[in-house]
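Residue numbers (the numbering used here): 39 to 210.
Just so it is clear, CB atoms sit at the ideal spot from N, CA and C, and this is done for glycine as well.
Given the structure is predicted, the values throughout are model-derived calculations rather than measurements.
Take a look at the structure set out below.
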C-alpha cells in the first residue's frame, strides 16, 4: 500500500537529486539557476545575541535571464526591425511559456556572440499580438530572422543553439 503525502510535500524527483527527512540536507546538484540561501535569526539572551541557523530557502537566480536582449513591440517594430541595417533575430515568446524560458539564455548568448553583425530582440506575443498575427505565429517560441525588413527564416520551438547558429550564419 502506498503512503499518502500532503500535496505541499510533493516535488518533482529525478536521478541525481537527493532528499532526506531533514530540511537542511536537501541537495539539488543539477539545478544551475537555483541556490539555497541561508536564513538566520538572532536570539537575544541576557548577555549577548546569538545567530542560529534556521534552514534556508531556494532562490531562483535565473529569473532575470531575459534582460540581456531588448524587447521590441508594436511601437518600436518598424524602427528596430524593418529599418535595421543589420540582420535581426526576433524571438516571439510569452511569460507563461515554459519552452520560451528555456530558449531565453540561448538567444542571450547569440546576442553577445553576434553583437556587431546581428541585432536580437524579444517580442512578447501577449503584449503585441498584431505583429505575431501578421507573421503567422501559431506556436511559441518562434525565432525569426529578418534582413532588409523582410522575413527570411523561422525556427519553431526550443531548439539547440547549434540550430539557431546555422540559421543565423546564412544571413550574416
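Exercise for the section: Using a threshold of 8 Å, state whether the C-beta atoms of residue 206 and residue 127 are closer than that. Expected result: yes
Handout entry: For residue 134, three-class secondary structure by DSSP
Key = coil
Problem - Where residue 151 falls, given that 16 or more other Cβ within 10 Å makes a residue buried - result: exposed
Handout entry: Alpha-carbon spacing of residue 138 relative to residue 188, whole angstroms
Key = 23 Å
Exercise for the section: Measure the C-alpha to C-alpha separation of residue 197 and residue 165 and round it to an integer number of angstroms. Expected result: 24 Å
Handout entry: Residues near residue 148 in its chain [Cβ-Cβ closer than 8 Å; skip 5 each side]
Key = 127, 156, 158, 199, 202, 203, 206
Problem - Backbone CA spacing between residue 108 and residue 169 [nearest angstrom] - result: 16 Å
Problem - Cα-Cα separation, residue 135 to residue 141 - result: 10 Å
Exercise for the section: For residue 112, I'd like the list of residues in its chain whose CB is within less than 7 Å of its CB, leaving aside the five on either flank, ordered along the chain. Expected result: 166, 168, 169
Practice task
Put residue 178 into one of helix, strand or coil per three-state DSSP.
Solution key: coil
Practice task
Assuming residue 178 contacts residue 130 (C-beta within less than 8 Å), just tell me the rounded distance between them.
Solution key: 5 Å
Problem - Span separating the alpha-carbon of residue 119 from that of residue 174 - result: 17 Å
Practice task
Out of 172, 190, 133, 154, point me to the one whose CA is closest to residue 160's CA.
Solution key: 133
Handout entry: Contact belief for residue 106 with residue 146 at Cβ below 8 Å, rounded distance in angstroms
Key = 4 Å
Exercise for the section: Pick helix, strand or coil for residue 207, following the three-state DSSP scheme. Expected result: helix
Exercise for the section: Assign residue 193 to one of two classes, buried (16 or more other C-beta atoms within 10 Å of its C-beta) or exposed (fewer than that). Expected result: buried
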